[in-house]
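**Q** Numbering (the UniProt record's numbering), first residue to last: 1 to 665.
#1: Alpha carbon to alpha carbon, how far is residue 385 from residue 20? Give it in angstroms, no decimals.
#2: Which residues bound the alpha helix (DSSP H) around residue 407?
#3: Please tell me whether residue 464 and residue 405 are closer than 7 Å, where the distance is taken between their beta carbons.
#4: Let's see if you can read the secondary structure: which residues bound the beta strand (DSSP E) around residue 270?
#5: Suppose you measure from the CA of residue 628 to the CA of residue 420; what does that come to, to the nearest Å?
#6: Provide the residue span of the alpha helix (DSSP H) that contains residue 480, from first to last.
#7: Should residue 264 go down as buried or exposed, given a rule of 16 or more other Cβ atoms within 10 Å for buried?
#8: Which residues bound the beta strand (DSSP E) around residue 541?
#9: Take every Cβ of the segment 409-419, pair it with every Cβ of the segment 244-258, and state whether three or more of those distances are shorter than 8 Å.
#10: Between the Cα of residue 425 and the Cα atoms of 519, 153, 472 and 161, which residue gives the shortest distance?
#11: Could you have a look at residue 83 and say whether DSSP puts it in helix, strand or coil?
#12: Determine the extent of the alpha helix (DSSP H) in which residue 162 is found, giving its start and end residues.
#13: When DSSP labels each residue in this structure, what does residue 356 get in the three-state scheme?
#14: If you follow the alpha helix (DSSP H) that residue 463 is part of, which residue opens it and which one closes it?
#15: Quick check: the Cα distance between residue 14 and residue 151, rounded to an integer number of angstroms?
#16: Which complete alpha helix (DSSP H) runs does the segment 209-237 hold, if anything under 4 residues is left out?
#17: Use the C-beta contact count for residue 338: other C-beta atoms within 10 angstroms, 16 or more gives buried, fewer gives exposed.
#18: Provide the residue(s) that pair with residue 397 in DSSP beta bridges, ordered along the chain.
#19: Between residue 401 and residue 251, what straight-line distance do the alpha-carbon atoms span, to the nearest angstrom?
#20: State the beta-bridge partners of residue 107 as determined by DSSP.
#21: Assuming contact is defined by CB atoms lying nearer than 7 Å, are residue 474 and residue 527 in contact in what I supplied?
#22: How is residue 173 classed by DSSP in three states: helix, strand or coil?
#23: Rounded to a whole number of angstroms, what is the C-alpha to C-alpha distance between residue 701 and residue 269?
#24: Three-state secondary structure (DSSP) at residue 578?
#25: Go ahead and pull the three-state DSSP assignment for residue 186.
#26: Can the beta-carbon of residue 666 be found closer than 7 Å to that of residue 624?
#27: Looking only at its chain, what residues have a beta carbon closer than 6 Å to the beta carbon of residue 137, apart from the 5 residues adjacent to it on each side?
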C-alpha cells in the first residue's frame, strides 16, 4: 500500500473526490482540477525523492504521469499518489512540456490493483484514437477528460505508428501530433513490450494462450468463424474489446462482441451476436479456436473475395427469388424451447425453394429463425464492399417439397433450369393443352384488367381436373407451372387439417403466399372441399363454405383435382374457370407415356434399348401413368445394378413382381 494513505477495509473501488494527503512526500498536492465524474485530480505531483527524474528550475514533470488511485470509505474520498517506480523507463520533459498520458492504476481497498485507466491529455491524440476506433462500443474517448484503457492503446499501436510515419513524411506535418504519438508509442513499448514479444512468438507458430486472447482480437477486426449450424464461412466485425468473464460454476471464458449484416424479415441492418471461448491450458492453434481474426487465416484473400461475392448475392436475394437448393438448411423444432427460443435444427432440403425473409416473417410472427433482430437499419445502396463481406451466410424462405420454412445457405442456391419441352410431352389433345397454357400464362401476377363488381373478387384463375387416378391430372398442373415458369405449390386436402378453424387459417396463409409468389397452387384430391353440401354433415358443410368464400377473393392460379366429379357442389360451377375430364388412357396414350418415361432416362444412368414394337406391346397393358412411371424407375434400378442396358425385359420383370396388370383390354 502506498505510504501516507489510510484506506478503510471495504469493497469499494470507486472514485469521488481527490484531496490532499498529509504526512507523505508522495502525496497529491492540494491544487486540483475537476475530473472523473466530479472527482478532482492533481495538477502537479511532488516526487522529489524518486530517483532518475530530470529537473529544470527545481521542478520536473513526466510526459507519462503515473498515479495510483485509492479510495477511503471512511472519508468517502479518492486519493491519488504517484505509482511507485517499478523499474520502467519514464520519459522526462521540462515544465513547458505538457502531460500527454495520465495513467491511473486503480487500487482496491485491500491494496491490490484492480485495473488501469488512462486519461488522454492531448486533443490531437484523442482525435486520432477516435478516428482509429470509429464504430467501436464502450469507449470513453469523448468523456471529459477523455479516457482509454491500456488494451485499447495496445491495439492502436500499428495505426499510431502509421499515422506518425505519414505526419513525419509530410513537410507540413503536425509536429505536436508527432510528439504526442511518440509518447503513446513509448507507453505501449514500456507497458506492453513483453506482451508484444509473446504475441509475436506465439502467432509465428499459429498459437495463442488463453490469457493472451485479448491481444489477438483487436476491436474493429474482421473475425472469421465456421461456428454455425450450417458450418458455413462467416465474417463478423468485432465491435468491442474482448472480456474475460466467469460462469456461475467459476469456469472462465473469453467473450467477443461481434456484429454482422442480416435481414430480420422487416429490415436489413447490423445484428449483434457473441462468441464465447472457454478457458484452455497452454498454447492452442489459432485456427482451432471457435473464431479468429481473418488476418490469421492462410487463405484470407480468397475468403474475402468469396464472401464479398456471396454478400452481393445476399442483397440480390432480398426480393422473393425462386431457386433450386440441395443441402443442409435450418428450421425450428417448436416442441423444444431453449433459452426462450425454439430450438434450431438442421434438415436436408432438396428441390425448389422460394427465398423470401419478408414473407417468412409475415406468415410466422412467432418464428425465431430470423433472430436476433437488426439493431440499426442500413441503407442498402450505400453499403460499401468493406461492409458487404459481413452479410449473413443464410436467408429465410420456404421449401416447396418439404413444406418447411427454413433458412438456406446462400452458397448452396442455384438458378432453376427449366424444362421447356415439358409441355410438348404432356399427353393431351393439343388444342385443349394449348388453351390451358395460354390461360395460365396470360393470368397476371396480381390484379388484372378484369374485376368483379365488388373490388378484389373474381381475379383468380381456378381450374378443376377430374378423372381416375394416374390419368395425368397432377402431371398437367406440374407441366403448366413448368411451362409458364411459375413456382408450383402442391398440397393435399389432408395437409390443411380437418377442423374448420385450422383449415381456414392454413388455407388463408397458403392462398396469400401463393398469390404473393405467383405460384400455381395444386390441391390434390380436393373432394372434401368440393362435395355437395347436405343437411347431415355440418362440419363438412362448414369446410365447403370456407373454401367457397376464400375462392371468391383469391387472386392467384389454383388447380384442383378430384376422382369424383359427380359429387361436386353446384356452387363451384360459377367459380371454376375451366374444367377438364381425363378419360382412362387409350393404348396410344399409354404408348406415348412409355416413350416419355424411357426418354427421360439419362444416358449417364443407363442406356435404353427398347424397340417400338416392344413399347406397343407394353402399351396394351391397362396401366395408368403413375404405374408406368414407377415401372420404368424400378427397371432402371435393376439395369444399373446389373450393369446392363435397360430393355423391355427389365420392365416386364418388374411388372411381374410389382404390378398386377389387367390384360383384358
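Yeah, the Cβ is synthetic: ideal placement off N, Cα and C, and Gly gets one too. All of these numbers come straight from a predicted model, not from anything done at the bench.
**A** If we stick to the structure as given:
#1: Here residue 20 is taken as the residue at index 20 of the chain shown, counted from 1. Here residue 385 is taken as the residue at index 385 of the chain shown, counted from 1. For residue 20, the predicted model reports a pLDDT of 34, less than 50, meaning its position is unreliable and no value from the coordinates is stated.
#2: For this step, residue 407 is matched to residue 407 along the chain shown. Element bounds for residue 407: not the alpha helix (DSSP H) but the beta strand (DSSP E), 404-409.
#3: Position 464 of the chain shown, counting from 1, holds the residue named residue 464. Position 405 of the chain shown, counting from 1, holds the residue named residue 405. Contact flag unset, no.
#4: The residue given as residue 270 occupies position 270 in the chain shown. According to the DSSP assignment, residue 270 belongs to the beta strand (DSSP E) that extends over 268-278.
#5: Counting from 1 along the chain shown, the entry for residue 628 is found at position 628. Counting from 1 along the chain shown, the entry for residue 420 is found at position 420. Rounded to the nearest whole angstrom, the CA to CA distance from residue 628 to residue 420 is 23 Å.
#6: Here residue 480 refers to the residue found at position 480 of the chain shown. Element bounds for residue 480: 473-483.
#7: As a working mapping, residue 264 is identified with position 264 in the chain shown. Around the beta carbon of residue 264, a 10 Å sphere encloses 16 or more other beta carbons of the protein chains shown; the residue is thus reported as buried.
#8: Within the chain shown, the letter at position 541 stands for residue 541. From DSSP, residue 541 is part of no beta strand (DSSP E) but of the alpha helix (DSSP H) over 538-553.
#9: No, the segment 409-419 does not touch the segment 244-258.
#10: The sequence position of residue 425 within the chain shown is 425, counting from 1. Measuring from the Cα of residue 425, the nearest candidate turns out to be 472.
#11: Taking the chain shown and counting its residues from 1, the one referred to as residue 83 is at position 83. Residue 83: coil per DSSP, three-state reduction.
#12: Taking the chain shown and counting its residues from 1, the one referred to as residue 162 is at position 162. Per DSSP, residue 162 belongs to the alpha helix (DSSP H) from 157-169.
#13: Mapped onto the chain shown, residue 356 falls at position 356. Note: residue 356 maps to coil in three-state DSSP.
#14: If you number the chain shown from 1, residue 463 lands on position 463. Per DSSP, residue 463 belongs to no alpha helix (DSSP H); it is in the beta strand (DSSP E), 461-467.
#15: Mapped onto the chain shown, residue 14 falls at position 14. Mapped onto the chain shown, residue 151 falls at position 151. With a pLDDT of only 41 at residue 14, under 50, the local geometry of the prediction cannot be trusted, and the value read off the model is given with reservation. Those two C-alpha atoms are separated by around 21 Å.
#16: Entirely contained in the segment 209-237, the alpha helix (DSSP H) runs reaching 4 residues are, in chain order, 213-216.
#17: By 1-based counting over the chain shown, the position of residue 338 is 338. Under the 10 Å beta carbon count, residue 338 is surrounded by fewer than 16 other beta carbons and is classified as exposed.
#18: In the chain shown, the residue the question calls residue 397 occupies position 397. In the DSSP assignment, residue 397 forms a beta bridge with 355 and 406.
#19: Start at 1 with the first residue of the chain shown, and residue 401 comes out as number 401. Start at 1 with the first residue of the chain shown, and residue 251 comes out as number 251. Separation of residue 401 and residue 251 (C-alpha to C-alpha, rounded to the nearest whole angstrom) is 45 Å.
#20: Position 107 of the chain shown, counting from 1, holds the residue named residue 107. Per DSSP, 113.
#21: As a first step, residue 474 is located in the chain shown; it is residue number 474 there, counting from the start. As a first step, residue 527 is located in the chain shown; it is residue number 527 there, counting from the start. In this structure, residue 474 keeps its C-beta atom at 7 Å or more from the C-beta atom of residue 527.
#22: For the purposes of this step, residue 173 is taken as residue 173 along the chain shown, with counting starting at 1. In this structure, DSSP gives residue 173 a state outside helix and strand, which the three-state scheme calls coil.
#23: It is not possible to answer for residue 701, since the shown part of the chain is limited to 1 through 665.
#24: Indexing the chain shown from 1 puts residue 578 at position 578. Secondary structure at residue 578: strand, using DSSP grouped into helix, strand and coil.
#25: Within the chain shown, the letter at position 186 stands for residue 186. Looking at residue 186 - three-state DSSP - the assignment turns out to be helix.
#26: In the structure as shown, the chain starts at 1 and stops at 665, and residue 666 therefore has no counterpart that could be examined.
#27: Within the chain shown, residue 137 is the residue found at index 137, counting from 1. Correct list, in chain order: 239 and 240.
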